[in-house]
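Chemist:
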Ligand code: SAH
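Numbering (the working numbering), first residue to last: 1 to 442.
(1) Would DSSP call residue 145 helix, strand or coil?
(2) Compute every distance between the C-beta of residue 2 and the non-hydrogen atoms of the ligand SAH, then say whether any falls below 7 Å.
(3) Looking at the ligand SAH, does it come within less than 7 Å of residue 344, judged from the CB to the closest heavy atom?
(4) Quick one: does residue 386 have its CB under 8 Å from some CB of chain C?
(5) Can you name the residues that DSSP bridges to residue 253?
(6) Going by the beta-carbon positions, is the gap between residue 462 and residue 90 smaller than 8 Å?
(7) Hey, residue 254 and residue 292: beta-carbon distance below 8 Å or not?
(8) Where residue 363 and residue 201 are concerned, what is the direct C-alpha to C-alpha distance, given to the nearest angstrom?
(9) Suppose you measure from the CA of residue 382 to the CA of residue 176; what does that come to, to the nearest Å?
(10) Among the candidates 27, 121 and 12, whose CA atom is the shortest distance from the CA of residue 130?
(11) Using the C-alpha atoms, what's the distance from residue 168 back to residue 100?
(12) Do residue 120 and residue 161 count as a contact pair if the criterion is CB distance below 8 Å?
(13) Please determine if the region 344 to 354 and the region 294 to 312 are in contact, where contact requires at least 3 C-beta pairs separated by less than 8 Å.
(14) Which residues share a DSSP beta bridge with residue 326?
(15) Give me the residue from 80, 66, 86 and 193 with the minimum Cα distance to residue 231.
(16) Rounded to whole angstroms, what is the Cα-Cα separation between residue 259 and residue 307?
(17) Can residue 97 and residue 140 be called in contact, C-beta distance under 8 Å?
(18) So is residue 304 buried or exposed if we call it buried at 16+ other beta carbons inside 10 Å?
(19) Verify the contact flag: residue 196, CB atom, against every heavy atom of the ligand SAH, threshold strictly below 7 Å.
(20) Compare the beta carbon distance of residue 426 and residue 184 with 8 Å and say whether it is the shorter of the two.
(21) To the nearest angstrom, report how far apart residue 50 and residue 386 are at their CA atoms.
(22) Does DSSP put residue 205 in a helix, in a strand, or in coil?
(23) At a threshold of 7 Å, does residue 329 count as lining the ligand SAH (C-beta to nearest heavy atom)?
(24) Only counting runs of 4 or more residues, tell me where the alpha helix (DSSP H) segments fall wholly within the region 96 to 135, in order along the chain.
(25) Going by beta-carbon coordinates alone, are residue 189 and residue 142 separated by less than 8 Å?
(26) Entirely within the region 237 to 282 and at least 4 residues each: give me those alpha helix (DSSP H) ranges in chain order.
(27) If I'm right that residue 137 touches residue 182 with Cβ under 8 Å, what's the distance once you round it to whole angstroms?
(28) Run through the region 157 to 214 for me and flag every whole alpha helix (DSSP H) of 4 or more residues, listed as ranges in chain order.
(29) Between residue 379 and residue 59, what straight-line distance do the alpha-carbon atoms span, to the nearest angstrom?
(30) Whole angstroms is fine: what's the gap from residue 45's alpha carbon to residue 9's?
(31) DSSP puts residue 412 in a beta bridge; with which residues?
(32) Assuming residue 364 is part of the alpha helix (DSSP H), what are its boundary residues?
(33) Only counting the same chain, and skipping five residues up and downstream in sequence, which positions put a Cβ closer than 8 Å to that of residue 15?
(34) Report yes or no: do three or more beta-carbon pairs, one from the region 280 to 291 and one from the region 331 to 348, lie closer than 8 Å?
(35) Alpha carbon to alpha carbon, how far is residue 217 from residue 246?
(36) Looking at the structure shown, is residue 396 part of a helix, part of a strand, or coil, going by DSSP?
Pasting the structure below:
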């Protein structure tokens, strides 16, 4: 979502005459769009600000000015503290106010203090933003934001604010513009994207399954994905969309967090382990080749060896093809940070290492299993070597291939020649430009 937000900030700034550059050195403005989800992400901001301060001073020496801005959830959550530690920051704003950038930029330099806007304004930024100008072959589109779930470990409700769904008409219009600008894949974004319930032109509230069917009808949209989903919000219609909509890719990121009911309850998740297992079964009967990914937190307060083993068992049983896993990180102001049963750092580290080894084995086995198959791959970016491009399979695996640049942004059939833990390598089979119809892992 930060990638999406950054692109929208660029749209706003384009109106003021700014254009994006690749290097911070010499720029007229640098915006750090920050993440507050774990302590490590937040710490990075301070390290990066130290580096940018030097560039800001260099620019000053040449008689210029570099406006240094901090955006996103660290700005939202730590605004005052951040300005105390980094008084050279000119501009500070949260995820819900970047449509006001023209006004903020105009105010920079008028006072000694930084310009700050960390409101949760009554007006919606989406109603004020200019239209998206450019689109990548694989584009993002925010449909839902914020969260009311209050998982005890999580800062999102405090930084992104309450849950909100954009109206259907605005989403369809944005998707059409993206398709015209060359997007072949649209990834629908939301902190809890599958609790989407937006007002539609027919007067009814649409849930995500209905929205996806409508998006699939837009010419040029060959692939649809959505992330991130909350297990308890997965409804029948969305599951049915996995069966009926060929453009909906057979890959789903569905964070479970833990395989222990006791820990899930302490996290205030609204699902039990068996609910999750049953949900996976229902999804797989709708789409037999569905590849699953997840998020795991290890070392949540009170997690015993047995709780951790239950998580390992769940991983073995479900067979995730990739996953993100984290040590529990104490976030200021969240209930879990105040729990007395905190787990020592070295125990967390040991558990994380075992869990990641297991996940990596599964990922490698899945990737190796693809060797010999022909997979449709959307070529999204240039690779490291000359003539190389990188794309994504339907199952989200990065695939490397030598291909002419004219194929950039198209979907090609690749014969998979090699699979490692993190990616696949393929060669061009017959070039096609259509949706994934092969059910390679049925
Ligand atoms: N809405 C999704 C979560 C998205 S946040 C859900 O409800 O499942 C992205 C991931 O960051 C979470 O799934 C979680 O695994 C991780 N995370 C969030 N807060 C964390 C914390 N305090 N410590 C460690 N990991 C955390």
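Each residue gets a CB set at the ideal place from its N, CA and C atoms; glycine is no exception.
Modeler: With the structure as the only source:
(1) As a first step, residue 145 must be located in the chain shown, where it is residue number 145. In the structure shown, the three-state DSSP call for residue 145 is strand.
(2) Walking along the chain shown from the start, residue 2 turns up at place 2. Not under cutoff, so the answer is no.
(3) Counting from 1 along the chain shown, the entry for residue 344 is found at position 344. For the ligand SAH, not one heavy atom lies less than 7 Å from the Cβ of residue 344.
(4) The chain labelled as chain C is not found in the depicted structure, where only one protein chain is given.
(5) On the chain shown, residue 253 is found 253 positions in, with the first residue counted as 1. DSSP lists 293 as the bridge partner or partners of residue 253.
(6) Nothing in the structure corresponds to residue 462, since the chain is present only between 1 and 442.
(7) For the purposes of this step, residue 254 is taken as residue 254 along the chain shown, with counting starting at 1. For the purposes of this step, residue 292 is taken as residue 292 along the chain shown, with counting starting at 1. Judged by their CB atoms, residue 254 and residue 292 are nearer to each other than the 8 Å cut-off.
(8) Here residue 363 refers to the residue found at position 363 when the chain shown is read from its first residue. Here residue 201 refers to the residue found at position 201 when the chain shown is read from its first residue. Distance between the alpha carbons of residue 363 and residue 201 is about 42 Å.
(9) On the chain shown, position 382 is the one that residue 382 refers to. On the chain shown, position 176 is the one that residue 176 refers to. Straight-line Cα distance between these residues: approximately 25 Å.
(10) Position 130 of the chain shown holds residue 130. For the options 27, 121 and 12, the alpha carbon positioned closest to that of residue 130 is the one of 12.
(11) The residue you call residue 100 lines up with position 100 of the chain shown. The residue you call residue 168 lines up with position 168 of the chain shown. Computed Cα separation, rounded: 24 Å.
(12) Within the chain shown, the letter at position 161 stands for residue 161. Within the chain shown, the letter at position 120 stands for residue 120. The answer is yes: Cβ separation under 8 Å.
(13) With a cut-off of 8 Å, the region 294 to 312 and the region 344 to 354 count as touching, because enough Cβ pairs lie within range.
(14) Locating residue 326 in the chain shown gives position 326, where the first residue counts as 1. Answer by DSSP bridge pairing, in chain order: 297.
(15) Against the chain shown, residue 231 aligns to sequence position 231. The option with the nearest alpha carbon to residue 231 is 193.
(16) As a working note, residue 259 is residue 259 in the chain shown. As a working note, residue 307 is residue 307 in the chain shown. Rounded to whole angstroms, residue 259 to residue 307 spans 7 Å at the Cα level.
(17) What you label residue 97 is simply residue 97 of the chain shown in a count that begins at 1. What you label residue 140 is simply residue 140 of the chain shown in a count that begins at 1. Pairing residue 97 with residue 140 gives a Cβ-Cβ distance that is not under 8 Å.
(18) Reading the chain shown from its first residue, position 304 is the one you call residue 304. Within 10 angstroms of the beta-carbon of residue 304 lie fewer than 16 other beta-carbons, which makes it exposed.
(19) Taking the chain shown and counting its residues from 1, one reaches residue 196 at position 196. Residue 196: no, Cβ never under 7 Å from the ligand SAH.
(20) For the purposes of this step, residue 426 is taken as residue 426 along the chain shown, with counting starting at 1. For the purposes of this step, residue 184 is taken as residue 184 along the chain shown, with counting starting at 1. In this structure, residue 426 sits away from residue 184, with a CB-CB distance that is not shorter than 8 Å.
(21) Within the chain shown, residue 50 is the residue found at index 50, counting from 1. Within the chain shown, residue 386 is the residue found at index 386, counting from 1. Using only the alpha carbons, I get a separation of about 34 Å.
(22) Against the chain shown, residue 205 aligns to sequence position 205. DSSP places residue 205 in strand when its eight states are reduced to three.
(23) By 1-based counting over the chain shown, the position of residue 329 is 329. The answer is yes for residue 329.
(24) Every alpha helix (DSSP H) of 4 residues or more that sits fully in the region 96 to 135 is shown, in chain order, as 101 to 107 and 125 to 128.
(25) Taking the first residue of the chain shown as 1, we reach residue 189 at position 189. Taking the first residue of the chain shown as 1, we reach residue 142 at position 142. Closer than 8 Å, so yes.
(26) Counting whole runs of 4 or more residues, the region 237 to 282 contains the alpha helix (DSSP H) stretches 261 to 266.
(27) By 1-based counting over the chain shown, the position of residue 137 is 137. By 1-based counting over the chain shown, the position of residue 182 is 182. Confirmed, Cβ separation roughly 6 Å.
(28) Counting only runs of 4 or more, we get 168 to 180.
(29) Position 379 of the chain shown, counted from the start, is the residue given in the question as residue 379. Position 59 of the chain shown, counted from the start, is the residue given in the question as residue 59. Approximately 38 Å between the Cα atoms of the pair.
(30) Reading the chain shown from its first residue, position 45 is the one you call residue 45. Reading the chain shown from its first residue, position 9 is the one you call residue 9. Taking the Cα positions, residue 45 is about 19 Å away from residue 9.
(31) Indexing the chain shown from 1 puts residue 412 at position 412. According to DSSP, which records beta bridges pairwise, residue 412 is partnered with 377.
(32) Against the chain shown, residue 364 aligns to sequence position 364. For residue 364, the enclosing alpha helix (DSSP H) begins and ends at 345 to 368.
(33) For the purposes of this step, residue 15 is identified with residue 15 of the chain shown, where counting begins at 1. Around residue 15: 102 and 130.
(34) Verdict: no, contact absent.
(35) Counting from one through the chain shown, the residue named residue 217 turns up at place 217. Counting from one through the chain shown, the residue named residue 246 turns up at place 246. Cα to Cα, residue 217 sits roughly 11 Å from residue 246.
(36) The residue labelled residue 396 in the question sits at position 396 within the chain shown. Three-state DSSP puts residue 396 in coil, outside helix and strand.
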